[in-house]
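Taking this note's numbering, the leading residue of the sequence shown gets 871, the next gets one more, and so forth. Step one of this worksheet: look at the structure below.
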Amino acid sequence: MPTKKLKNFIKIITKLNISVLLISMFFFHIFAGALARTVESIGSYNYGPTVPEATACHLATQNARKEALNIGANEVVSGQDILLCAETGNTEKCLLNKSIWSEVTGLIRDVKIISKKIVNPDKDYKTCRVKISADVKSLQGDKDPGFDFTATLNRHDRKYRHQEKIEFFISPSTKMYVTIFLWDPHDENKKEVIRLFPNRLDNRNGLASQLKVPTSNATRPYEFRAMFSRNTLRRALLIDQYVLVVATRSPITFKKRYTPEELNGRLLEIPASDWRRKRIDFYVLSGKEP
């Protein structure tokens, strides 16, 4: 018999508004020094009487775009992340945020809508299903399995109180240079990805053994603290935020701020064997730590 936890997990899955059926066809050609593939994917969005059809179909198209990129990224949202997203009170938005953050592994071009269909048009609860064709530009070459690292946080459950200290631990397989980015989709300027490290106080990001960030090389002590976004402070108890750790074989100066698309394009300029990235999802609870 299924356990209570498994039943809850299945219930969450069946209620997700982000339901995507993938039908993929790949045609390979080389352009601009990178691999591009033509992908067909179908994105669906379930909606009720309060959501306009145009909004639902726009979100269905976005889901199809994200999944077209996910094909190239082999990005998978884990069962644990689905359960944690459920705790935010907005499972759908949380999972969509994860999908958006996955875009840094590919660049989508020339999106064409092949078809759009409303399922159950006479019912109160309908589904907009959109099929698209898109060219996805992916990595240059193959990843080097000998160039890798692990990245963890100082809290294994990845849950922080507002203003609680966050530390990063990086363990490399070989010498590399690490850059850490943060994206808060709930922030007023949620389109920006911010570079946390290196920074003006702590700018030595080369490592050959385990490194804790903030590092002991900083010109003066500083801390990273979890921040509960102001515009969600009274409307949610738990919000999702995202860290991207990028390791490069040689030192590369990244800008302080990017949009996800800009960061995506910058990474795709680097040969795949010369960089690797790890995404860390974490969650911030309202209220300071006791």
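Glycine included, every Cβ here is placed at the ideal spot set by N, Cα and C.
For a cut-off of 8 Å, the C-beta gap from K996 to V1006 is around 29 Å, too long to register as a contact. Here DSSP, grouped into helix, strand and coil, assigns H1056 to coil. DSSP links N1134 through a beta bridge to no other residue. In the displayed model, D994 falls within coil according to three-state DSSP, outside both helix and strand.
T1049 counts as buried, since at least 16 other C-beta atoms from the protein chains shown sit within 10 angstroms of its C-beta. A distance below 6 Å between beta-carbons, with the five flanking residues on each side excluded, links E1132 to no residue of its chain.
When DSSP states are grouped into helix, strand and coil, D1014 belongs to the coil group. Between the segment 1133 to 1144 and the segment 1086 to 1095 there are fewer than three C-beta pairs closer than 8 Å, too few to call the two in contact. Between I1150 and V1113, the gap from beta carbon to beta carbon is short of 8 Å. For A926, the three-state secondary structure derived from DSSP is helix. Each residue's CA atom was taken as its position, placing L1081 and H1026 some 17 Å apart. If you draw a 10 Å sphere on the C-beta of R1146, you find 16 or more other C-beta atoms in it, and that means buried. Within a 10 Å sphere around the beta-carbon of N1075 sit 16 or more other beta-carbons, which makes this residue buried.
The beta carbon of R979 sits closer than 6 Å to those of D1005, all from its chain and outside the five residues before and after it, given in chain order. Per DSSP, D1027 is not a residue of any beta strand (DSSP E), being assigned neither H nor E. Distances from the CA of Y1030 to each of E910, Y917, I1109, P1015 were compared; the closest alpha carbon is that of I1109. Per the coordinates, the alpha-carbon of M1046 lies some 31 Å from the alpha-carbon of A938. In this structure, K1013 and R999 do not form a Cβ contact; the two beta carbons are roughly 34 Å apart against a cut-off of 8 Å. Contact between K1148 and F1019 holds, with the beta-carbon distance rounding to 7 Å and staying under 8 Å.
For L1071, the three-state secondary structure derived from DSSP is coil. Looking at L1066, A930, H1056, L1023, the one whose alpha-carbon comes closest to that of C964 is H1056. 8 Å or more divides the Cβ of S1041 from the Cβ of F1017.
In the structure shown, the three-state DSSP call for E1034 is coil. A straight line joining the alpha-carbon of K1126 with that of E1062 spans about 10 Å.
According to the DSSP assignment, K1125 belongs to no beta strand (DSSP E), since it is labelled neither H nor E. L1108 sits in a strand when the DSSP states are folded into three classes.
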